[in-house]
Amino acid sequence: VQSKTYIILCGNCSVNWLNKFCFALRSLASFFDISVRRKLAKDLSAKQNLFNQLTEQLPQSIILFDERIIYINKTFEQLIGYTEKEILDKTFIDLLDLSDQEVFTTVLEKLSLSRKTQIETSLKIQKKNLDIIWIRINIKRIKQNEKFIFLAVISDISKEIKEINTLSQLAYYDKLTGI
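All letters in the sequence shown, in the order written, are residues 1128 to 1306 by the numbering used here.
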């Protein structure tokens, strides 16, 4: 909201009347300015609430990170067993299975150095109870305040991987002959 200054030229007005008139105008302008700010703040708050409701009810996990994890939604908490408070001190690499940490570092480097702003891969992640699960992670690079942060959308694909492995074993192994 911009403030503007107006000069009032009045040949027959007394200084006292002009001061009262200017005070009334300033008061009215201040009231208008505050009401516009309140409306903008209320609109912003409503949009933030809507965003929070949407991200918390998504079936996919959402993570926002740079060097450290900045935000996770409830779906991710349920997936890995950590609360948001427990996880905000960690890096995303801390959560990965040891065999996938170098792969993930390479993926992030490729994303950071290329013109692409998005990449998808499958990785293994370690839950709080130490179980390993497979995830599909879609990472989008976002520029914020002259620095990059990453938005990750994650889906649990453990069942799909298990089914693929079972089908692969059935295709190449015969129970009857043992070959």
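Heads up, the beta-carbon is just placed ideally off N, CA and C, and yes, glycines get one too.
| query | result |
| --- | --- |
| Assigned exposure category for S1188 - 16 Cβ within 10 Å defines buried | buried |
| Complete alpha helix (DSSP H) runs within the stretch 1148-1235 (minimum length 4 residues, chain order) | 1201-1207, 1211-1214, 1219-1222 |
| Distance, I1252 Cα to S1282 Cα | 11 Å |
| Anticipated Cβ contact below 8 Å, K1217 with T1244, distance rounded | Not really, about 25 Å apart at Cβ, beyond 8 Å. |
| Per-residue DSSP class, three states only, for T1248 | strand |
| Beta-carbon spacing of V1234, I1246 below 8 Å | yes |
| Close beta carbons around N1200, own chain, < 7 Å, minus the five adjacent residues each side | T1182, E1183, L1185, S1188, I1189 |
| Close-in-space but distant-in-sequence residues of the same chain around T1248 (CB under 7 Å, 5 per side omitted) | V1234, I1264 |
| D1227, buried or exposed, once every other Cβ within 10 Å from all chains shown has been counted against 16 | buried |
| Pairwise C-alpha distance: Y1299 and N1272 | 53 Å |
| Residues sharing a beta bridge with Q1271, DSSP | K1274 |
| S1295: first and last residue of the uninterrupted alpha helix (DSSP H) it sits in | 1285-1299 |
| Spatially closest choice to Q1205 from I1284, I1220, K1255, by CA coordinates | K1255 |
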